[in-house]
Every structure is written in C-alpha cells, then in structure tokens.
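Structure record follows, encoded as structure tokens.
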Amino acid sequence: MTQGQSRWESSAPIRYPDPNIVVLDPRFQHLVVPMAAIERIATGFRFTEGPAYYGDGRYLLFSDIPNDALLRWDEITGAVATLRNPAGYPDGNTRDRQGRLLSCELGSRTLTRTEHDGSVTVLADSFEGTRLTGPNDVIVKSDGSIWFSDNGAGIRGNYLGDKAKQEMPFRVYRLDPVTGALTIAVGDMERPNGLCFSPDESRLYVVDTPSGTKTTHVYDMVDGKPVNGRLFFDDTPGFADGIRCDTDGNVWCGFSGGPDHDGVAVFAPDGTLIGRILLPERCANLCFGGRKRNRLFMTASQSVYALYVEAQGVAGG
C-alpha cells in the first residue's frame, strides 16, 4: 500500500505535507499547498463521473452512472442529495456560458441542457440521421460552441447504459451555439474521451481510450478547427480519462494505472509529468471549483475527493 493511503480507513489526522501529493518536477511544487490535505467528501456510490461546480449555490454536481443519477454535494453542509433519477445514465457534465447544465447521457445517447427553470432540452441526439453512440464528456469554448466526445461507453453493456450495436465511428463533435448545427471536430481517434482547451484556446487536448494503448493527444486550433494532431503523452500502463487545464496551461488528468498511479496526474504544457495526487481509487474525472476556482474536485469510482491547490481552473470545463 502506498504511503499515506491507510488514512482512508483511519480517523487519524494527516500530517502535513500530505504524502499522497507527489512532486515529480520543480514546476509542480508551487502548485501544492503545504497545509492542505486530500479530503474524501462523499462515498458510497457505484461509479462517479462528471463533476461540475456551481459557485452561485456553493455545491458540486456529479454523476453516478450505474445508479442513473445526478447528485449534488453541498459545500457548506457536506450533505448529498439526488438532483435527478432517472437521469439518462449521465456521464460528463459542465456548465455553458449562461450557467446552464450540459450533460452527456450514455443511456439516452443524447447531449442535454438543463434550463434555469429545470426543464431539459435535447441539444444533440444524432448526426446526419444516425443516432449518436453516446456522448461522454463535454466542454464549452468562449464563443459558446459546445464540444463533446461520443464514444459508445453506454452501448458496450448494460451497466453504464443500454447494450446496443455501434452504428457509426466514435468522434468529437462541435455544436454551433447559434444554428445548432453539428459538425465533426475530431475524427481520427479510436475512442475519444476527455477533452479540454488550453487557456488561450490555441490548443485542444483529447484523450483516446481504445481497448489497447490509451494516449492523450493535442491539436492546434486554426481558424476554429483542430489540426496537426499529435501525441501529447503516453504513460502506459497508466492512462487519463477526464482532463482539465489550469490557467498556466498545465493539464490535470483523472488517472488510472494501479497503486502509485491512481488519482490525478498533472502534465506541463510540454507533456512532462510533473506531479501526482494519489487516491485509493481510479479517478475518472475532475474539475476546479470553490470560490477562487482553486479547489480540485475528483470523481473516483465509489467516492468524491477534494483538494485545495495553488492553481486555478480555466473556465468552460
């Protein structure tokens, strides 16, 4: 067992600095708060995903996919409540530039928007007459365009959705905020997954999670389109899932890979692994929140974790 992980079965306090925060490169050191520890803020779920922070309500919204539920953790009281059940087997979530919830639903195989009055609008359910395979993760660009991966996670079995035949390739799509038109943004990956933009939106990062080697790629944004796709990192046997950028351009990745890898891996803009946040569970996704956007929320299998860091997340993810 990795040093410090026995804490999850103990009520003993954590001695600072938290030994589960690992500095691998000097560039990560200034992002660590020496007097902050990883906290398990909620547990007892089946498979958590899609954290999205609401500063206006001081709460974190997240998915429990197998339980077909959207849940809410109150930052002030620590209480967990069910926001919606059934919920279409929700996976990735985020907020658009008007503060509305966007959800990738693996079961209904739709991208939805929850309006301010609580009603739900379907934004995308098909492409050129063929039903989507199942939206997985979603982000919003500063121009209001919505970008989401569609990778069939919900049609592979009945645990995360409804088993069905794959009818078209897995892709990343762009949804026009004005016309609602859906276009292919990335079509050269086997199974696109997590995605995020760099702070200046000059780069698009996309995770590829096929059945074999799983890698993360980067594309240059030219005239609003991702081009020149190339490998950003390959940390086999470990791999990323959901990803987010901080304002310095570092890429924070929900990470799987076994002991000494599960949790969060942080990569500098040049693709160097600079730090890890070790958890006792695989981490599927993450987001930045809190009043200063400096609290990292991590959805990890059966639990949700949080950690204050000296980094701030980029808006839109």
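The sequence shown runs 755 to 1071 under the working numbering. Here a beta-carbon is modelled for each residue, glycine too, at the ideal position from N, C-alpha and C. All values reported here derive from a predicted model rather than from experimental measurement.
Identity of the residue in the options nearest residue i by Cα
| i | options | result |
| --- | --- | --- |
| residue 885 | 1035, 797, 863, 827 | 863 |
| residue 828 | 821, 841, 810 | 810 |
| residue 1043 | 851, 970, 826, 1066 | 1066 |
| residue 936 | 923, 902, 954 | 902 |
| residue 957 | 948, 947, 976 | 976 |
| residue 1062 | 761, 795, 766, 764 | 795 |
| residue 839 | 989, 818, 1015 | 818 |
| residue 925 | 873, 1049, 766, 939 | 939 |
| residue 768 | 846, 791, 784, 785 | 791 |
| residue 932 | 814, 898, 948 | 898 |
| residue 777 | 1031, 846, 1036 | 1031 |
| residue 837 | 850, 852, 821, 830 | 821 |
| residue 858 | 816, 872, 852 | 816 |
| residue 854 | 845, 869, 841 | 869 |
| residue 1010 | 989, 1004, 1002, 814 | 989 |
| residue 1054 | 793, 1004, 813 | 793 |
| residue 953 | 765, 969, 968, 998 | 998 |
| residue 834 | 812, 1002, 764, 912 | 812 |
| residue 1069 | 978, 850, 979, 959 | 850 |
| residue 1002 | 764, 784, 831, 919 | 784 |
| residue 808 | 852, 987, 845 | 852 |
| residue 706 | 871, 786, 896 | An answer regarding residue 706 cannot be provided, because it is not within the stretch 755 to 1071 covered by the chain. |
| residue 1045 | 765, 826, 766, 830 | 830 |
| residue 971 | 765, 987, 873 | 987 |
| residue 1006 | 873, 951, 764 | 951 |
| residue 955 | 896, 1004, 919 | 896 |
| residue 1004 | 979, 978, 959 | 959 |
Residues near residue i by beta carbon distance below 7 Å, same chain, minus five either side
| i | result |
| --- | --- |
| residue 908 | 843, 860, 861, 863, 888, 914, 915, 916 |
| residue 848 | 806, 856, 892, 893, 894, 1071 |
| residue 782 | 1020, 1028, 1029 |
Per-residue burial, residue i [other beta carbons within 10 Å of its own, 16 or more giving buried]
| i | result |
| --- | --- |
| residue 789 | exposed |
| residue 928 | buried |
| residue 882 | exposed |
| residue 824 | buried |
| residue 1024 | exposed |
| residue 880 | exposed |
| residue 1094 | The structure shown does not extend to residue 1094, since the chain is modelled only from 755 to 1071, so the question has no answer here. |
| residue 1000 | buried |
| residue 841 | buried |
| residue 1014 | exposed |
| residue 1072 | Nothing in the structure corresponds to residue 1072, since the chain is present only between 755 and 1071. |
| residue 1049 | buried |
| residue 775 | buried |
| residue 846 | buried |
| residue 912 | exposed |
| residue 985 | exposed |
| residue 981 | exposed |
| residue 968 | buried |
Contacting residues, own chain, Cβ-Cβ under 8 Å from residue i (five flanking each side not counted)
| i | result |
| --- | --- |
| residue 718 | The first residue shown for the chain is 755 and the last is 1071, placing residue 718 beyond what the model contains. |
| residue 877 | 856, 864, 865, 866, 867, 900, 929, 934 |
| residue 1012 | 991, 992 |
| residue 910 | 917 |
| residue 1052 | 805, 1008, 1017, 1018, 1031, 1033, 1037, 1039, 1040, 1058, 1059, 1060, 1061 |
| residue 1056 | 797, 798, 799, 800, 801, 802, 1035 |
| residue 921 | 884, 885, 887 |
| residue 942 | 983 |
| residue 905 | 887, 888, 890, 924, 945, 946, 947, 963 |
| residue 1064 | 784, 785, 786, 787, 1048 |
Beta-carbon proximity list for residue i, same chain, < 6 Å, skipping 5 on both sides
| i | result |
| --- | --- |
| residue 762 | 1034 |
| residue 872 | none |
contact_flag[the stretch 953–965, the stretch 987–996] where n(CB pairs < 8 Å) is 3 or more:
yes
Length at least 3, wholly inside the stretch 908–970: the beta strand (DSSP E) runs in chain order:
Whole beta strand (DSSP E) segments, 3+ residues: 925–929, 936–940, 946–951, 957–962.
Can you give, in chain order, each stretch of the beta strand (DSSP E) that sits fully within the stretch 776–856 and has at least 3 residues?
793–797, 802–808, 813–818, 823–828, 834–838, 844–849
Alpha helix (DSSP H) segments (min. 4 residues) lying fully within the stretch 975–1058
none
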